[in-house]
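Following: one structure in structure tokens, then a few remarks.
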Amino acid sequence: MIPYGRQSITQADIDEVINVLKSDFLTQGPKVPEFESAVANHVGVKHALAVNSATSALHIACLALGLGPGDWLWTTPVTFVASSNCALYCGAQVDFVDIDPRTYNLCPEKLEAKLIEAERLGKLPKIVVPVHLCGQSCDMEAIYNLGKKYGFKIIEDASHAIGGKYKNEFIGNCQYSDITVFSFHPVKIITTAEGGMAVTNSDDLANKMALLRSHGITRDPQQMTKESDGGWYYQQIELGYNYRMTELQAALGVSQMHRLDDFIVARHKIAARYYDELSDLPIVLPYQHPDSYSGLHLFVIRLRLNDISKSHKQVFDELRAFGVGVNLHYIPVHTQPYYQAMGFQPGDFPEANRYYSEAISIPMFHGMTFEEQSKVIEILHEVIR
């Protein structure tokens, strides 16, 4: 089976992890700060805070921005559930904004229309979470301008997008947001096995997130409420969590960062071949906005079902039966039973529903061989024709 995504692990990666295993620190050592510096320097941001997952990063980002009971967080329905669950962890409420039919990202026009109505009702969001689906940036300038007008904060969910660019600048520089979050899950562009990171240009937000990821504990005398009792002393000054990244994970991340640019170039080469060799099929190939240089975490095609004598499910099942490990990213969050119980209806976001009825993620990963891609292309032609 050719998977839709796969990590790329080299001997250099393995050696970095082994070196940590032989060191004095398996956690809270020098590798986590090294990894944070590597990411911060690459994307051009002031602070980076590594955590054990992107879900944890979203949670502490929301807490740092003061999200709580009575507040609203808006995001896209076409994302993994973590993008909205982070609000529920804080006791806040969630709503969604339908997607742009070309990029599949949160639509700024629909966001503006929803904000106008929310202002009339006195229910404006405190935070908006644009998700850079598949690695392509949302229209962040438009969303940022709406944030200034309507007073909401912005967390970019860039779980798919490290190494990508928006307006020729790396995603994650927080030019148009308060905080950006990355994921390092094994199928993502780089991996730390499990892991995530929150980045920001705000000293205050960075300090808050640093406390929240480690039990709310500090050893910084300037943050303490009284003079230290001695070298052993620490204080808990917030209710935090154990969201720390291990040294093993960070060592793998440091090594992977050396190849990030190569990973992105390889993904674009694979995508270019897909565009060339699948253009005659009754499918919609991914639209790439001129302002965006996608990280290409995923390559999503949409079936022109009126021109295909099979259902969405039939195509999906046949591709898997032939050894192509396709997937679907994502089931719209508002259709999940947990969210249906909150009152969301299946038809609330029609563009997201249309996307779900037609989308299939086909294999896209750095180590994909020419022969593997040839097989995928051949089987797609056979199944869809």
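So for the sequence shown, full-length UniProt numbering puts the first residue at 1; every next one is plus one.
Glycine residues also receive a C-beta, built at the ideal position from the N, C-alpha and C atoms.
**Asked** Name the DSSP beta bridge partners of Val128, please?
**Response** Residue numbering aside, residue 128 sits at position 128 when the sequence shown is read from its first letter. Trp74 and Ile154.
**Message:** Looking only at its chain, what residues have a beta carbon closer than 6 Å to the beta carbon of Pro282, apart from the 5 residues adjacent to it on each side?
**Reply:** Within the sequence shown, the letter at position 282 stands for residue 282. Excluding sequence positions up to five before and after Pro282, its CB lies within less than 6 Å of the CB of Arg304, Asp307 and Ile308, all in the same chain and listed in chain order.
**Asked** Cβ of Thr79 within 7 Å of Cβ of Val131?
**Response** As a working note, residue 79 is residue 79 in the sequence shown. As a working note, residue 131 is residue 131 in the sequence shown. Closer than 7 Å, so yes.
**Item:** Cα-Cα separation between His268 and Leu296, rounded to whole angstroms
**Value:** Taking the first residue of the sequence shown as 1, we reach residue 268 at position 268. Taking the first residue of the sequence shown as 1, we reach residue 296 at position 296. Taking the straight line from one Cα to the other gives about 7 Å.
**Item:** Residue environment, Pro332, which counts as buried when at least 16 other CB atoms sit within 10 Å
**Value:** Along the sequence shown, read from residue 1 onward, the residue named residue 332 stands at position 332. With 16 or more other Cβ atoms within 10 Å, it is buried.
**Prompt:** Since Ala250 is in the beta strand (DSSP E), which residue starts that stretch and which ends it?
**Reply:** The residue given as residue 250 occupies position 250 in the sequence shown. Counting along the chain, no beta strand (DSSP E) covers Ala250; the unbroken alpha helix (DSSP H) around it starts and ends at Glu247 to Met257.
**Request:** With a threshold of 6 Å, establish whether the CB of Asp203 neighbours any heavy atom of the ligand NAD.
**Result:** Questions concerning the ligand NAD fall outside what the structure shown contains, since it holds no ligand whatsoever.
**Request:** Take the Cβ of His381 as the centre, count every other Cβ of all protein chains shown within 10 Å, and call the residue buried at 16 or more, exposed below.
**Result:** As a position in the sequence shown, residue 381 is number 381, starting the count at 1. So His381 ends up on the exposed side.
**Prompt:** Using the C-alpha atoms, what's the distance from Asp229 back to Val129?
**Reply:** Within the sequence shown, residue 129 is the residue found at index 129, counting from 1. Within the sequence shown, residue 229 is the residue found at index 229, counting from 1. Straight-line Cα distance between these residues: approximately 42 Å.
**Prompt:** Would Leu211 be called buried (16 or more neighbouring beta carbons within 10 Å of its own) or exposed?
**Reply:** Along the sequence shown, one-based indexing puts residue 211 at 211. Leu211 sits buried, since 16 or more C-beta atoms from the chains shown fall within 10 Å of its C-beta.
**Request:** Could you tell me whether the segment 133 to 144 touches the segment 156 to 167, using the rule of 3 or more Cβ pairs below 8 Å?
**Result:** In this structure the segment 133 to 144 touches the segment 156 to 167; the number of beta carbon pairs closer than 8 Å is three or more.
**Prompt:** Taking three-plus beta-carbon pairs below 8 Å as touching, is the segment 85 to 103 in contact with the segment 225 to 241?
**Reply:** With the rule of 3 Cβ pairs closer than 8 Å, the segment 85 to 103 does not count as touching the segment 225 to 241.
**Item:** Under the three-state DSSP convention, the category Glu227 falls into
**Value:** Reading the sequence shown from its first residue, position 227 is the one you call residue 227. Coil at Glu227, not helix or strand.
**Cα-Cα separation between Leu115 and Val94, rounded to whole angstroms** = Numbered from 1 along the sequence shown, position 115 holds the residue referred to as residue 115. Numbered from 1 along the sequence shown, position 94 holds the residue referred to as residue 94. Approximately 14 Å between the Cα atoms of the pair.
**Extent of the continuous beta strand (DSSP E) run through Ser183** = Translated into positions along the sequence shown, residue 183 becomes position 183. Per DSSP, Ser183 belongs to the beta strand (DSSP E) from Ile179 to Ser183.
**Message:** Taking only three categories from DSSP, how would you classify Met140?
**Reply:** Against the sequence shown, residue 140 aligns to sequence position 140. Here Met140 sits in helix by DSSP.
**Item:** According to DSSP, residues forming a beta bridge with Glu169
**Value:** Here residue 169 is taken as the residue at index 169 of the sequence shown, counted from 1. DSSP links Glu169 through a beta bridge to Tyr166.
**Item:** Counterpart residues of Pro101 in DSSP-defined beta bridges
**Value:** The residue you call residue 101 lines up with position 101 of the sequence shown. According to DSSP, which records beta bridges pairwise, Pro101 is partnered with nothing at all.
**Message:** Taking contact to mean 3 or more Cβ pairs, one atom from each stretch, closer than 8 Å, check whether the segment 16 to 26 and the segment 247 to 261 are in contact.
**Reply:** Touching, yes.
**Asked** Under the three-state reduction of DSSP, which class applies to Ser8: helix, strand or coil?
**Response** By 1-based counting over the sequence shown, the position of residue 8 is 8. Note: Ser8 maps to coil in three-state DSSP.
**Asked** What are the partner residues of Pro3, as DSSP defines its beta bridges?
**Response** Here residue 3 refers to the residue found at position 3 of the sequence shown. By DSSP's assignment, Pro3 forms a beta bridge with Gly325.
**Item:** Terminal residues of the beta strand (DSSP E) in which Ile301 lies
**Value:** Translated into positions along the sequence shown, residue 301 becomes position 301. Per DSSP, Ile301 belongs to the beta strand (DSSP E) from Phe299 to Leu303.
**Request:** Quick one: give me the first and last residue of the beta strand (DSSP E) that Gln93 is part of.
**Result:** For this step, residue 93 is matched to residue 93 along the sequence shown. Its beta strand (DSSP E) spans residues Gln93 to Phe96.
**Request:** Figure out for me which residue from Thr335, Ile360, Met1 and Ser292 has the closest Cα to the Cα of Lys313.
**Result:** Taking the first residue of the sequence shown as position 1, residue 313 is located at position 313. Nearest option by C-alpha distance: Ile360.
**Prompt:** Candidates Phe263, Ser83 and Asp280: which alpha carbon is nearest Leu133's?
**Reply:** Translated into positions along the sequence shown, residue 133 becomes position 133. Of the candidates Phe263, Ser83 and Asp280, the one whose C-alpha sits nearest the C-alpha of Leu133 is Ser83.
**Message:** Please state whether the Cβ-Cβ distance between residue 386 and His215 is less than 7 Å.
**Reply:** No statement about residue 386 is possible, as the shown extent of the chain runs from 1 to 385 and does not include it.
**Request:** Could you please give me the residues that DSSP links to Gly196 through a beta bridge?
**Result:** For the purposes of this step, residue 196 is taken as the residue at position 196 of the sequence shown. Within the DSSP secondary-structure output, Gly196 pairs in a beta bridge with Val51 and Ser183.
**Request:** Can you give me the Cβ contacts of Phe152 inside the same chain, cut-off strictly under 7 Å, excluding the 5 residues immediately before and after it?
**Result:** Reading the sequence shown from its first residue, position 152 is the one you call residue 152. If the five residues before and after Phe152 are omitted, its C-beta is found closer than 7 Å to the C-beta atoms of Leu124, Pro125, Lys126, Ile127 and Val128, all from its own chain and listed in chain order.
**Asked** Do the CB positions of Thr76 and Ile99 come within less than 7 Å of each other?
**Response** Locating residue 76 in the sequence shown gives position 76, where the first residue counts as 1. Locating residue 99 in the sequence shown gives position 99, where the first residue counts as 1. Yes, Cβ-Cβ distance for Thr76 and Ile99 is below 7 Å.
**Message:** Within the continuous alpha helix (DSSP H) that includes Ser84, where are the two ends?
**Reply:** Counting from 1 along the sequence shown, the entry for residue 84 is found at position 84. Element bounds for Ser84: Ala82 to Tyr89.
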